[in-house]
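Each remark here refers to the structure printed beneath this line.
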């Protein structure tokens, strides 16, 4: 399991809006990620232990696109 905590730029304030947008984008592209965190600002990645490298790269590419789309 891996987790990414999202905070607003220039502060330590949780960024739950970014978390929601990233999750929505990933799900629309077929990549399932899990929300987490007391402040709803963490995304968790739980790939299967048997995932092949191509699928892992594809999923991470979608996550990268989702993060890049946040302004």
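Residue numbers (my numbering): 5 to 75.
Using N, Cα and C, we set each Cβ at its ideal position, and we do this for glycine too.
Note that this is a predicted model, so its numbers are computed, not measured.
**Prompt:** Within 8 Å (strictly less), CB to CB, does residue 55 reach chain C?
**Reply:** Structure shown: chain C not included; a single protein chain is present.
**Message:** Pairs of beta-carbons, one from the segment 44-56 and one from the segment 17-31, closer than 8 Å: are there three or more?
**Reply:** With the rule of 3 Cβ pairs closer than 8 Å, the segment 44-56 counts as touching the segment 17-31.
**Request:** Note down, in chain order, each residue of its chain lying with its Cβ closer than 7 Å to the Cβ of residue 31, except the 5 sequence neighbours on either side.
**Result:** In the chain shown, counting from the first residue as 1, residue 31 sits at position 27. Excluding sequence neighbours, residue 31 sits near nothing in its chain.
**Prompt:** Using the rule of at least 16 other Cβ atoms within 10 Å of the residue's Cβ for burial, across every protein chain shown, is residue 67 buried or exposed?
**Reply:** Walking along the chain shown from the start, residue 67 turns up at place 63. That one is buried.
**Residues near residue 17 in its chain [Cβ-Cβ closer than 7 Å; skip 5 each side]** = In the chain shown, counting from the first residue as 1, residue 17 sits at position 13. Counting only Cβ-Cβ distances below 7 Å, and skipping sequence neighbours, we find 11.
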